[in-house]
Amino acid sequence: MSFKVLVSAPPILPHVEEYKDLCLKKGVELFTPEFDVTESLNEEELISLLKDADGILCGDDDLNAKVLNKSKNLKVISKWGTGIDSIDSISAKKLKIRVLKVLDVFAAPLSDTVLAYILMISRKINEKDFVVRNNNWSKIPSFTLSERTLGILGLGHIGSELARKASALGMKVSYFDIRDIESNIPNVQNVSFETLLKDSDFISIHCDLNKTSKYMFSNNEFNLMKEDSILINTARGSIIKEEHLIIALEEKKIGGACLDVFEEEPLSDDSPLKKFENVYLSPHNSNASPTVFRKVHLKAIENIFIGLGIS
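Quick note: the sequence shown, position 116, residue 291 per our numbering, numbers continuous.
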């Protein structure tokens, strides 16, 4: 028996040919869209592409109830990565479509990215470079990591890796996790969400997007944060209400933001976020790493086999 599987996740698309023989030996034929996929597929595109497909290896495609109900042969959704907020998991369960994801692989690159932001901002690397290039020799004050407090929202695999690294570098580290879990990492303190907001110089988001976390950062939270604090988001865009973030930046309620994810992706050409010098933007690829990506490719394909009942 043979199966047809759509591959639509942008990170694996350039490498699909490498995995076709492996899949054919298992009776799985991989196919891809005949057009460039920048970030994700929309409802109309998915309905057309999935009409005869048994599975999909997807990115952040809009796999809503309508798409799933029209995909009569669909048996498995293999997410390239971790977040499945773009998949209607309830409808998938009703339709007996398995939803599988790749867990615990992005901790190293994501935590490295967050630390890079923290180091760059604490040591004022960009500002020092700018003044010298503009024929200025001003001495710009900066901080050591031991003088900074990091608050981590969500102490899962990624949050824990960041906590270990930041603590080892001398930062004061606290965290809030809705599961009220205890950390075994030395010198890492469990605090309330309000305390984390009020006391942190940097706040880094590492939780899933769900009903509880959507718009977890809005006007109320920005009002509690320190005026020089930096918000870092490498998790999911809609955890932050962007219009409220823009207001907070305009009114200087916070010190800045480092954003790898956004409510709408790609970020629009006229996004107000692009006007702020104290906002650092990245195109949703803080997880980038050749070694890690290859692991995710292979695990996502393995999940296709699992979902199709292939041993």
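Backbone N, C-alpha and C define an ideal beta-carbon position, used for all residues, glycine too.
If you're wondering where the values come from, they're calculated on a predicted model, not measured in any experiment.
Looking at the unbroken alpha helix (DSSP H) that takes in residue i, where does it start and where does it end?
i           : result
residue 395 : 394-399
residue 319 : Per DSSP, residue 319 belongs to no alpha helix (DSSP H) and is neither H nor E.
residue 301 : 300-308
residue 421 : 417-425
residue 193 : 191-200
residue 220 : 218-224
residue 467 : 465-482
residue 241 : 240-245
residue 451 : Residue 451 -> no alpha helix (DSSP H), and no H or E assigned at all.
residue 285 : 282-297
residue 368 : 368-374
Between the C-alpha atoms of residue i and residue j, what's the straight-line distance to the nearest angstrom?
i           : j           : result
residue 259 : residue 382 : 12 Å
residue 320 : residue 311 : 26 Å
residue 419 : residue 233 : 31 Å
residue 223 : residue 240 : 15 Å
residue 423 : residue 338 : 27 Å
residue 209 : residue 185 : 13 Å
residue 342 : residue 289 : 13 Å
residue 207 : residue 368 : 43 Å
residue 394 : residue 454 : 18 Å
residue 292 : residue 392 : 20 Å
residue 491 : residue 344 : The chain is shown from 176 up to 486; residue 491 falls before or after that span and cannot be answered.
residue 318 : residue 325 : 13 Å
residue 357 : residue 374 : 20 Å
residue 273 : residue 430 : 43 Å
residue 378 : residue 370 : 11 Å
residue 230 : residue 188 : 16 Å
residue 353 : residue 330 : 9 Å
residue 417 : residue 438 : 7 Å
residue 444 : residue 410 : 22 Å
residue 248 : residue 275 : 17 Å
residue 216 : residue 387 : 26 Å
residue 491 : residue 257 : A query on residue 491 cannot be resolved here, the shown segment of the chain reaching from 176 to 486 and no further.
residue 440 : residue 313 : 38 Å
Let's test the definition: count the other Cβ atoms within 10 Å of the Cβ of residue i and tell me whether it reaches 16, buried, or not, exposed.
i           : result
residue 301 : exposed
residue 432 : buried
residue 459 : buried
residue 242 : buried
residue 404 : buried
residue 183 : buried
residue 214 : exposed
residue 219 : exposed
residue 402 : exposed
residue 227 : exposed
residue 482 : buried
Check for me: the beta strand (DSSP E) holding residue i runs from which residue to which?
i           : result
residue 349 : 347-351
residue 273 : 273-276
residue 455 : 454-456
residue 206 : 203-206
By Cβ distance below 7 Å, which residues in the same chain neighbour residue i in space, the five residues on each side in sequence not counted?
i           : result
residue 408 : 380, 414, 415, 434, 435 and 436
residue 245 : 222
If you drop the 5 nearest sequence neighbours on each side, which residues of the same chain put their C-beta closer than 8 Å to that of residue i?
i           : result
residue 389 : 413 and 414
residue 361 : 342
Using a Cβ-Cβ cut-off of 6 Å (strictly less than) and excluding sequence neighbours within five positions of residue i, which residues of its own chain qualify?
i           : result
residue 421 : 447
residue 198 : 205
residue 456 : 434
residue 472 : 187
For this session: Determine contact between the segment 280-296 and the segment 318-338, defined as no fewer than three beta-carbon pairs at a distance below 8 Å.
Result: yes
Problem set entry | the segment 457-477 / the segment 194-201 touching (three or more Cβ pairs under 8 Å) | yes
Problem set entry | At least 3 beta-carbon pairs within less than 8 Å: the segment 345-362 vs the segment 269-276 | no
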